[in-house]
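The numbering of the sequence shown is the numbering used here, which starts it at 143 and goes up by one. Where a beta carbon is used, it is the ideal one built from N, C-alpha and C, also for glycine. Read through the structure below, which is laid out as structure tokens, and then see the notes.
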Amino acid sequence: MEAITSTSSMAAAEFITQTIELLSEAAVEAKNLFVEKESFLELTSYLNRVVPLLKELKKRDISNVENSFVEILNQQVKVVKQLMAECKKKNRVYLLVNCRSITKRLQNITREISRALSLVPLSQLDISASMVQELNQLCESMQSVEFKTAIADETILEKIETGIHERNADRSYANNVLISIAQALGIPTERSALKKEIEAFKTPKDHAEAIQMDQIILLLEKADATHSTEEKERSYLTKRTSLGSQPLEPLQSFYCPITGEVMVDPVETSSGHTFERSAIEKWLADGSNLCPLTMIPLENSVLRPNRTLRQSIEEWKDRNTMITIASIKSKLLKPSSGNEEEVISCLEQLQNLCEQRDIQREWIVLENYIPIFVELLGGRNRDIRTRALVMLCPLAKDSNDAKYYLDPEHRDAFLAGSEDVKLSMVTTLAEMELTDHSKSSLFEGGALDSLLHLLSNGNPKMKETAAKALCNLSSLPKSTMKMIKEGSVNLLVNILYNQTSSHCLQDEVAAIIMHLATSTMSQNSNGTPISLLESDGDIHSLFSFIGCTRPSVQESLLHAFYAMCHSPLAATVKAKLRQLEKKQVVNCQTLVLEVAYSVKHLMLPNFFLFYCLQNSENEELLVSLCKDEHPKVRANAVKLFCCLTEDGNDKEIIDRMGQQSIETLIKIIQSCSNEEETASALCVISRLNKHSLDFNFLCGSFDYSESGCPVHQGICTVESSFCLVEANAVSPLVTLLGDPDQDVCEASLDALLTLIKAERLPYGSKVLSEANGIHPIIKLLNSTSSSLQEKVLNALERIFRQVEFKQRYGPLAQSPLVELTQRGNSKTKSLAARILAQLNVLHDQSSYF
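Structure below.
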């Protein structure tokens with residue numbers, strides 16, 4: 143092979159050095175790209191693997207073939223760097239919508255370099271065998287690589303294509319696409335930033351891509367961010383004025399020949415006639431192959447969307463909707479007692495239009511309805527006030543005018559008019575049934591600050607009504623957490639303590655505090671827990687206040703403390719309660735019991751707090767309540783047992799539970815029809831039996847005899863060891879394995895599985911078998927609960943270690959186990975496969991492992 147001369151060899155060495163530098167620069171620049179960064183990084187990783195070969199070539203005289211490879215590599219790396227420069231310079235939205243083209247170019251570059259590398263006679267070079275192997279593998283990888291557009295980018299492109307293809311994308315759809323683009327590119331979602339990006343995207347493009355870009359621009363310009371409020375108003379009023387004042391009847395072509403109704407999704411058949419999609423699909427599904435209009439056989443069953451007709455129908459609907467919205471306004475301007483029904487009907491019609499489409503909500507705003515709705519809030523008719531406020535809630539999200547009336551900086555506008563008008567508006571908030579969405583909208587619009595302002599500065603009647611309204615809104619966890627973060631609790635507590643506060647005001651404030659406390663129970667475990675009360679003094683003061691107030695306030699505050707004792711900061715709250723002075727503890731215990739007897743449905747929170755205060759003398763009282771004839775009282779007492787045995791800080795309660803407690807729980811399991819109560823009793827039994835593992839009374843202390851426990855191989859009693867066998871609980875628990883309530887099944891299973899813990903396995907398995915309990919356990923493999931399935935699988939894996947039970951019950955388990963290997967989650971698949979291998983149905987080398 144002809145070598146290059148020494149002079150040109152020196153030039154070749156410099157050329158190779160330049161190429162290596164280009165590769166290094168490309169690798170650095172790839173890390174700073176926004177669009178298709180992963181694809182660029184993958185390409186530069188391939189190129190870096192070529193560097194060792196270049197360094198070897200630099201040491202020697204190279205052939206024409208090798209020189210050609212270096213030239214191609216140098217040229218293609220420059221192309222890559224040019225592409226990187228474009229990606230840094232050009233508009234980010236433009237790059238995103240062209241990301242498929244970018245990945246295609248990267249793929250072509252990679253394959254061209256691979257082609258050039260494949261021509262180099264690597265085996266004839268004086269390089270190591272490992273390097274030859276590495277370069278051959280690299281060549282194959284580069285030749286077969288397929289660069290994929292990022293999933294997020296691909297999703298956005300699909301949305302854009304769908305919007306263009308269907309030609310029916312509305313404002314909401316365009317907003318969604320634009321926000322997705324902003325999030326993918328790291329663009330701020332403020333209107334000014336988005337508008338700036340879209341304007342830059344609209345700059346002149348190459349002729350070849352002009353049509354595609356125009357279609358995309360047309361779609362994105364439907365989004366809110368691309369137009370100012372003034373531009374929207376001008377556009378809307380110009381269009382609405384041109385429409386006239388009377389709705390148009392639909393054209394004959396809008397009607398489906400089959401249904402006689404205006405079409406929603408018109409499609410064209412091979413006969414050339416158009417029908418509603420659902421109607422013609424049913425026609426064909428019923429077996430007819432004739433055109434419904436001409437009765438001539440259809441050539442095929444292909445249905446083509448008639449997009450032109452669909453767009454015409456939608457434009458007709460929009461025209462009539464605009465006219466309808468404009469025509470309703472005059473009926474609301476001067477409401478009187480004589481036209482109240484008409485006003486309510488108009489508001490209902492507007493509400494329906496508002497809920498149907500985002501664009502219709504915008505038209506209502508642009509038609510200047512918001513001042514009218516605010517005016518209606520001051521009327522006497524409760525239904526009118528309610529519907530007017532319901533209309534303002536969603537509009538507050540989109541309209542600066544609506545936000546003006548609901549914003550805390552404009553309380554006087556929101557609560558405009560006389561005291562009677564303001565009271566009427568707040569009363570509406572207090573009395574109306576609000577959806578969570580409406581509550582959220584009101585909070586976002588500033589209603590919280592307005593109501594807190596009235597709660598602090600209003601007259602007595604206004605304070606009471608504002609408290610009722612705030613109580614109505616405070617049942618939404620997201621909003622209540624905001625109230626806690628913004629320091630509303632101090633204001634509420636001060637009002638509660640104030641001797642001049644009316645009973646009604648105290649009741650409502652206590653209920654709000656209860657809602658706030660309840661919201662702390664379901665905080666995100668990933669964040670820093672938020673406490674309702676800031677200091678130890680706050681906890682002591684509020685708890686002490688329970689003893690000197692009325693039953694209705696006591697009820698709410700006890701619920702609040704119960705919630706705090708189940709929040710992420712429960713341990714801290716309980717510790718603070720236990721630090722109360724002994725006299726306070728006794729007084730609080732007495733109070734809790736008194737309220738428990740007077741307010742039966744408070745049994746659970748009250749007794750939980752009672753035990754938080756660490757009185758250890760009242761298990762008998764709790765057991766007696768478990769026998770109470772009042773179903774709610776009994777159920778709450780059993781739930782309390784369940785709560786207490788779950789709490790590691792109250793382990794001493796488990797130690798003090800005697801035979802009477804166990805027998806009472808067994809009777810509940812055997813006879814109670816309340817599934818939640820039964821499940822709670824089962825949970826207690828399960829935990830007590832599990833707790834007995836800590837005692838040293840088991841098999842080592844006694845010689846087994848016929849009178850001994852068949853599970854523990856010793857002398858057991860219900861009181862000392864909570865033994866299920868001695869308590870005659872095994873059979874009832876087995877029966878409950880077939881209960882339709884999965885919680886009951888799982889609680890029963892938890893209790894029974896304590897029989898086969900550790901060294902109990904052979905004895906417990908025998909007891910389960912004799913009680914006909916293993917077959918029902920196997921049936922639970924068909925449960926829809928993956929956690930229940932996992933427990934059963936782990937239990938069967940242990941039971942089937944014993945040949946006797948493997949042979950007896952293995953065949954029964956095979957079918958559901960095979961089903962799980964096919965349809966279970968990753969964990970249950972693996973567990974099921976392991977047991978099938980244990981049963982010699984599946985090899986250990988199976989891919990399921």
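*Skipping 5 residues on each side, what residues in its chain have a beta carbon closer than 8 Å to that of Ser359?*
As a working mapping, residue 359 is identified with position 217 in the sequence shown. With the sequence shown as reference, residue 359 is identified as Ile, and Ser is not the correct amino acid for it. For Ile359, where only same-chain residues beyond five positions count, the Cβ hits under 8 Å are Ile340, Phe343, Lys344.
*Uninterrupted alpha helix (DSSP H) stretches inside the stretch 674 to 717 (no shorter than 4 residues)*: 678 to 687, 693 to 706
*Nearest candidate by alpha-carbon position, reference Glu606, set Ser582, Glu573, Glu628*: Here residue 606 refers to the residue found at position 464 when the sequence shown is read from its first residue. Nearest of Ser582, Glu573, Glu628 to Glu606, Cα basis: Glu573.
*Which residues mark the beginning and the end of the alpha helix (DSSP H) in which Thr642 is found?*
Walking along the sequence shown from the start, residue 642 turns up at place 500. Element bounds for Thr642: n/a, residue is neither H nor E.
*Cβ neighbours of Ser972 in the same chain (closer than 6 Å, five flanking residues each side left out)*: Along the sequence shown, one-based indexing puts residue 972 at 830. Apart from the 5 residues on each side of it in sequence, Ser972 has no Cβ closer than 6 Å to any other Cβ in its chain.
*When DSSP labels each residue in this structure, what does Arg446 get in the three-state scheme?*
If you number the sequence shown from 1, residue 446 lands on position 304. Three-state DSSP puts Arg446 in a strand.
*What residues match up with Leu432 in a beta bridge as DSSP calls it?*
Locating residue 432 in the sequence shown gives position 290, where the first residue counts as 1. According to DSSP, which records beta bridges pairwise, Leu432 is partnered with Pro439.
*asked:* Taking 8 Å as the limit between beta carbons, can you name the residues of its chain near Leu248, skipping five residues before and five after?
replied: Numbered from 1 along the sequence shown, position 106 holds the residue referred to as residue 248. These residues qualify, in order along the chain: Glu178, Ser181, Phe182, Leu185, Val222, Leu225, Phe289.
*Excluding sequence positions up to five away, which residues of its chain have a Cβ less than 6 Å from the Cβ of Thr383?*
The residue given as residue 383 occupies position 241 in the sequence shown. Cβ neighbours of Thr383 beyond the five flanking positions: none.
*For Tyr397, which beta-bridge partners are listed by DSSP?*
For the purposes of this step, residue 397 is identified with residue 255 of the sequence shown, where counting begins at 1. Looking at the DSSP assignment, Tyr397 forms a beta bridge with Val404.
*Could you tell me whether the Cβ atoms of Lys933 and Gly880 are closer together than 9 Å?*
Residue 933 sits at position 791 when you count from the first residue of the sequence shown. Residue 880 sits at position 738 when you count from the first residue of the sequence shown. In this structure, Gly880 does not lie closer than 9 Å to Lys933 by Cβ.
_Considering just the uninterrupted stretch of the alpha helix (DSSP H) at Glu888, what are its terminal residues?_
For the purposes of this step, residue 888 is taken as the residue at position 746 of the sequence shown. Unbroken alpha helix (DSSP H) run through Glu888: 884 to 895.
_Exposure label - Leu474; buried when at least 16 CB within 10 Å_ = As a position in the sequence shown, residue 474 is number 332, starting the count at 1. It counts as buried.
*If you drop the 5 nearest sequence neighbours on each side, which residues of the same chain put their C-beta closer than 6 Å to that of Lys364?*
Taking the first residue of the sequence shown as position 1, residue 364 is located at position 222. Spatial neighbours of Lys364 in its own chain (CB-CB distance under 6 Å, excluding positions within 5 residues in sequence) are listed in chain order as Arg313, Ala316.
*CA nearest to the CA of Ala659, picked from Ala335, Leu638, Leu699, Lys899*: Residue numbering aside, residue 659 sits at position 517 when the sequence shown is read from its first letter. That would be Leu699, whose Cα lies nearest to the Cα of Ala659.
*Where the alpha helix (DSSP H) through Thr622 begins and ends*: Here residue 622 corresponds to residue number 480 of the sequence shown, with the count starting at 1. Counting along the chain, the alpha helix (DSSP H) containing Thr622 begins and ends at 619 to 627.
*For Phe289, three-class secondary structure by DSSP*: Within the sequence shown, numbered from 1, the residue matching residue 289 stands at position 147. Looking at Phe289 - three-state DSSP - the assignment turns out to be coil, as it is neither helix nor strand.
*Buried or exposed (CB count within 10 angstroms, at least 16 for buried), Gly414*: Within the sequence shown, the letter at position 272 stands for residue 414. Looking at its Cβ environment, which holds fewer than 16 other Cβ atoms inside 10 Å, Gly414 is exposed.
*Along the beta strand (DSSP E) that carries Glu497, what are the first and last residues, could you check?*
Counted from its first residue, the sequence shown places residue 497 at position 355. It is not in any beta strand (DSSP E) - Glu497 instead sits in the alpha helix (DSSP H) that spans 482 to 498.
*Run through DSSP, which three-state label would Thr528 get?*
Reading the sequence shown from its first residue, position 386 is the one you call residue 528. Helix, per DSSP.
*Tell me where the alpha helix (DSSP H) around Phe343 begins and ends.*
Looking up residue 343 in the sequence shown gives position 201. For Phe343, the enclosing alpha helix (DSSP H) starts and ends at 333 to 343.
*Under three-state DSSP, which class holds Phe783?*
By one-based count along the sequence shown, residue 783 stands at place 641. Here Phe783 sits in helix by DSSP.
_With 16 other Cβ atoms within 10 Å as the buried cut-off, status of His657_ = Translated into the one-based positions of the sequence shown, residue 657 becomes position 515. Under this definition His657 is a buried residue.
*Could you please give me the residues that DSSP links to Val409 through a beta bridge?*
By one-based count along the sequence shown, residue 409 stands at place 267. Partner(s): Phe417, Pro447.
_Rounded Cβ spacing between Leu997 and Ile637 (contact assumed at less than 8 Å)_ = The requested residue 997 is not part of the displayed model; the chain covers only 143 to 991.
*Comparing alpha-carbon positions, which option in Val826, Gln357, Tyr236 lies nearest Ala326?*
As a working mapping, residue 326 is identified with position 184 in the sequence shown. When each option's Cα is compared against that of Ala326, the closest is Tyr236.
*asked:* Could you give the first and the last residue of the continuous alpha helix (DSSP H) run that contains Cys613?
replied: Position 471 of the sequence shown, counting from 1, holds the residue named residue 613. Cys613 -> alpha helix (DSSP H) spans 602 to 615.
*asked:* Under 8 Å, with one C-beta from each stretch per pair, do the stretch 510 to 522 and the stretch 383 to 395 reach the 3-pair mark?
replied: no
*asked:* Please report the straight-line C-alpha distance between Ile321 and Lys338, rounded to a whole angstrom.
replied: Position 179 of the sequence shown, counted from the first residue, corresponds to residue 321. Position 196 of the sequence shown, counted from the first residue, corresponds to residue 338. Roughly 14 Å separates the two Cα atoms.
*Thinking just about the alpha-carbon of each residue, which of Leu584, Ser616, Ser643, Met625 is nearest to the one in Met604?*
Working through the sequence shown from its first residue, we reach residue 604 at position 462. Of the listed residues, the one whose Cα sits closest to Met604 is Ser643.
*Run through DSSP, which three-state label would Glu932 get?*
What you label residue 932 is simply residue 790 of the sequence shown in a count that begins at 1. Of the three classes helix, strand and coil, the one that applies to Glu932 here is helix, per DSSP.
*Going along the chain, which residues of its own chain have a beta-carbon closer than 6 Å to the beta-carbon of Lys718, five neighbours each way excluded?*
In the sequence shown, the residue the question calls residue 718 occupies position 576. Around Lys718, the same chain offers Asp678, Ile681 as residues with beta carbons nearer than 6 Å, after the five sequence neighbours per side are excluded.
_9 Å Cβ cutoff met for Lys220 and Ile158_ = Position 78 of the sequence shown holds residue 220. Position 16 of the sequence shown holds residue 158. Against a cut-off of 9 Å, the Cβ pair of Ile158 and Lys220 comes out as no contact.
_C-beta neighbour in chain C for Leu684, strict 9 Å_ = No chain C is present in this structure, which holds just one protein chain.
*Outcome for Ala823 when other beta-carbon atoms lying within 10 angstroms are tallied against a minimum of 16*: The residue labelled residue 823 in the question sits at position 681 within the sequence shown. Looking at its Cβ environment, which holds 16 or more other Cβ atoms inside 10 Å, Ala823 is buried.
_Contact between the stretch 280 to 287 and the stretch 259 to 267 is defined here as three or more beta-carbon pairs at a separation below 8 Å; is this criterion met?_
yes
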